[in-house]
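Just below is one structure, and these are the notes that go with it.
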Amino acid sequence: MSNKPRKYSPELRAEVVAYVLDADHTPAQAARDFGLVAETVRNWVKAEKEQRLGNTEETREAGGRARISELERRVRELSRKMPS
7 MSNKPRKYSP
17 ELRAEVVAYV
27 LDADHTPAQA
37 ARDFGLVAET
47 VRNWVKAEKE
57 QRLGNTEETR
67 EAGGRARISE
77 LERRVRELSR
87 KMPS
């Protein structure tokens, strides 16, 4: 018998996260009130906090790409200024 992770609707996830972050409940309390596993709620809350801070994999990758582009531009600029 396999233990597949349950799928929860985005609406439920948003409601539970708001219950914790906006209504000052603990993840354990939210888990009890919504019939969920506390670790699942903690993971959702952590992901939302990172999202709100802009500290997600996508934003880090975008920041890295922007930095590479800026460094490439700077290399081209300096290459043009160097005598041949």
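At position 11 of the sequence shown the residue is numbered 17 (the working numbering), and the sequence of numbers has no breaks. Each residue gets a CB set at the ideal place from its N, CA and C atoms; glycine is no exception.
*Just the Cα atoms here: how many angstroms apart are G60 and M88?*
Taking the first residue of the sequence shown as position 1, residue 60 is located at position 54. Taking the first residue of the sequence shown as position 1, residue 88 is located at position 82. As the crow flies, the alpha-carbon of G60 is around 39 Å from that of M88.
*Which stretch, first to last residue, makes up the alpha helix (DSSP H) that contains N49?*
As a first step, residue 49 must be located in the sequence shown, where it is residue number 43. Element bounds for N49: 44-59.
*asked:* Just to confirm my understanding: we take E78, look at its own chain, exclude 5 residues before and 5 after, and list those with CB closer than 8 Å. What are they?
replied: The residue labelled residue 78 in the question sits at position 72 within the sequence shown. So no residue of the chain qualifies.
_Uninterrupted alpha helix (DSSP H) stretches inside the segment 14-39 (no shorter than 4 residues)_ = Look at the segment 14-39 and you find these whole runs of alpha helix (DSSP H), each 4 residues long or longer: 16-27.
_Cα-Cα separation, E63 to Y14_ = The residue you call residue 63 lines up with position 57 of the sequence shown. The residue you call residue 14 lines up with position 8 of the sequence shown. When the Cα atoms are used, E63 and Y14 turn out to be separated by approximately 22 Å.
*Cα separation between V52 and K10?*
For the purposes of this step, residue 52 is identified with residue 46 of the sequence shown, where counting begins at 1. For the purposes of this step, residue 10 is identified with residue 4 of the sequence shown, where counting begins at 1. The sequence shown places Lys at residue 52, not Val. Distance from the CA of K52 to the CA of K10, rounded to the nearest whole angstrom, comes to 22 Å.
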